[in-house]
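Read through the structure below, which is laid out as structure tokens, and then see the notes.
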Amino acid sequence: MSASTIKLHVSHTYRAPPAVVYDAWLNPEIARRFLFATDDGHVIRAEIDPHVGGRFLVVDRRPTGDAFHQGVFLELKRPRHMAFSFSVEDHDHNCDRVEIDIEPLGGGSRLTLTHEMCAEWAEHEEKTRQGWAHVVEGLARELEQQQQLKATG
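If you're matching positions, the sequence shown starts at 320 in the working numbering and goes up one per residue.
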């Protein structure tokens, strides 16, 4: 890790296998329900081009205005690892890198997200960590709903 960056980590355990967790990140219809979605907003656009060099764009319409989240996939190794560059509209910089590692855990999996961000954004570290925690918890709710639909359908 460079002295000019900060690494933050967020982990979550799911009752779904790694491939299901991994695929949810790359499916726009699923991702729009958890990826950068806030409680008081509504995702109005979710574009994901899931290949190395492919881009993603997620726009969450919030009371304060539209929030743009974008990046480029740097590594995709299904079902265990992905890495992408990351920026938000007003703070487009090149040193943010997000890595997602998914390991099997019993009948489920454990996801660990690592966000390496520019040290100049240190004052936003805790808010960023909370944002990612909201994302991985939202994914848990989405996967639970999918499992319930399969069980009842």
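Where a beta carbon is used, it is the ideal one built from N, C-alpha and C, also for glycine.
Here Asp358 is exposed, its C-beta having fewer than 16 other C-beta atoms within 10 Å. Counting of Cβ neighbours within 10 angstroms places Arg351 among the buried residues, the total reaching 16 or more. If you look at His453, you'll find it in the alpha helix (DSSP H) that goes Glu444 to Thr471. Looking at Gln389, Ser428, Met436 and Gly384, the one whose alpha-carbon comes closest to that of His400 is Ser428. For Val371, the three-state secondary structure derived from DSSP is coil. The shortest CA-to-CA distance from Glu463 to any of Ile349, Ser330, Lys326 and Phe387 is the one to Ile349.
As a beta-bridge residue in DSSP terms, Tyr333 pairs with Ser428.
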